[in-house]
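Residue numbers (the numbering used here): 44 to 419.
Cβ atoms here follow ideal geometry from the backbone N, Cα and C, with glycine treated the same way.
This report refers to the structure that appears directly beneath it.
Right, here's the structure in full:
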């Protein structure tokens with residue numbers, strides 16, 4: 044029998060287990076004879092298949108009784124919960140949720156998306172806690188969680204939410220950013236990008252483009268990922284000034300006042316492309332040219348970055364990869380709750396576009412900048 048056919052049987056049975064087809068702890072798994080008839084193969088092949096599923100923690104044999112799902116496999120056969128408050132205000136989360144939904148469907152699993160839709164950060168926080176309590180009561184197999192931001196005591200709130208799930212024995216994987224500021228780490232698995240390194244590469248690029256005064260524009264109580272990006276920018280600017288400014292990027296008066304300060308900023312970095320796109324609108328109202336008067340950059344590279352004028356220099360978030368990794372890490376955590384927590388930080392390329400494409404000195408034109416962008 045070809046290995047491909049053998050692997051397909053393993054994959055089929057694994058999907059059925061994950062989908063809850065054999066979730067009863069009282070009923071044995073189908074016998075070797077029944078499976079051999081079903082897949083039209085020799086029993087020796089099925090023996091190898093069941094051995095592999097046993098090694099992977101899905102099945103266990105009971106002397107004289109048959110083959111049964113392990114307790115861990117019984118846990119994994121229920122629904123997976125998804126709590127993503129950023130789904131209603133940040134553009135990276137809809138594609139992440141879409142890919143998670145596809146993965147669950149592919150594996151015949153149920154993905155339950157918690158309804159967090161309020162425009163108020165405080166109301167979103169209440170919704171998140173209510174959803175966590177429901178998932179804990181329902182004993183879902185596991186939860187993928189994006190921490191809540193823009194509220195007072197961000198760390199305390201997120202820890203309270205996670206403690207509800209932890210107390211119920213529900214495994215959790217955090218996406219995007221940890222619930223504690225870098226370089227600290229929580230006890231939960233984390234999947235996202237290396238935000239410090241992303242900020243460092245962004246800072247290096249702006250300095251190479253001639254930036255002397257860089258301002259990082261943020262909202263109060265932003266995600267800790269923003270703080271890591273700020274530290275990354277600061278780590279490479281050396282003699283160039285770098286200042287964090289809490290500001291509403293849509294407020295014309297605030298942005299005008301910022302640009303009138305001495306020394307005048309020549310590069311503005313936003314925590315995401317949505318804010319950067321809104322900043323471009325505000326600068327246009329003020330008659331400020333980008334990148335001639337001031338360079339603008341963001342993070343995410345999902346939709347806004349390439350659609351606005353001028354197109355944004357940004358850090359690309361690998362949304363589908365984040366979803367796939369988070370899904371795999373959660374399944375592994377469900378199967379082995381005692382393993383050490385991991386931090387999976389994925390590659391996030393710098394994408395250079397027109398919003399930072401200014402001449403840096405005599406003879407160095409946009410042609411060189413395009414060449415540098417291609418190299419990066």
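- For residue 289, the enclosing beta strand (DSSP E) starts and ends at 284–289.
- Ranked by Cα distance from residue 368, the first of 226, 171 and 147 is 147.
- Taken in chain order, the unbroken stretches of alpha helix (DSSP H) that lie wholly in the stretch 314–378 and span 4 residues or more are 316–328, 347–350 and 362–378.
- Going by C-alpha positions, residue 296 is about 26 Å away from residue 192.
- One alpha carbon belongs to residue 76, the other to residue 171, and they sit about 48 Å apart.
- Rounded to whole angstroms, the Cβ separation of residue 399 and residue 356 is 4 Å, and the two are in contact under 8 Å.
- Taking C-beta atoms as the reference points, residue 175 and residue 207 count as a pair closer than 7 Å.
- Around the CB of residue 316, 16 or more other CB atoms lie within 10 Å, so the residue is classed as buried.
- When the beta-carbon positions are compared, residue 229 and residue 221 come within less than 7 Å of each other.
- Of the residues assessed, residue 347 falls on the buried side of the cut-off, its CB having 16 or more other CB atoms within 10 angstroms.
- Rounded to the nearest angstrom, the gap between the Cα atoms of residue 375 and residue 100 is 10 Å.
- Considering only 330, 61 and 389, the residue with the shortest C-alpha distance to residue 377 is 61.
- With a minimum length of 3 residues, the unbroken runs of beta strand (DSSP E) contained wholly in the stretch 150–227 fall at 154–156, 185–188 and 215–218.
- For residue 185, the CB contacts under 6 Å within the same chain, skipping 5 residues up- and downstream, are 123, 214, 373 and 377 in chain order.
- Beta-bridge annotation (DSSP): residue 110 is paired with 104.
- In this structure, DSSP gives residue 259 an extended state, which the three-state scheme calls strand.
- The beta carbon of residue 308 sits closer than 6 Å to the beta carbons of 256 and 258 from its chain, once the five residues preceding and following it are set aside; these are given in chain order.
- For residue 279, the uninterrupted alpha helix (DSSP H) run begins and ends at 267–280, by DSSP.
- Per DSSP, residue 400 lies in no alpha helix (DSSP H) and is assigned neither H nor E.
- The three-state secondary structure of residue 303, taken from DSSP, is coil.
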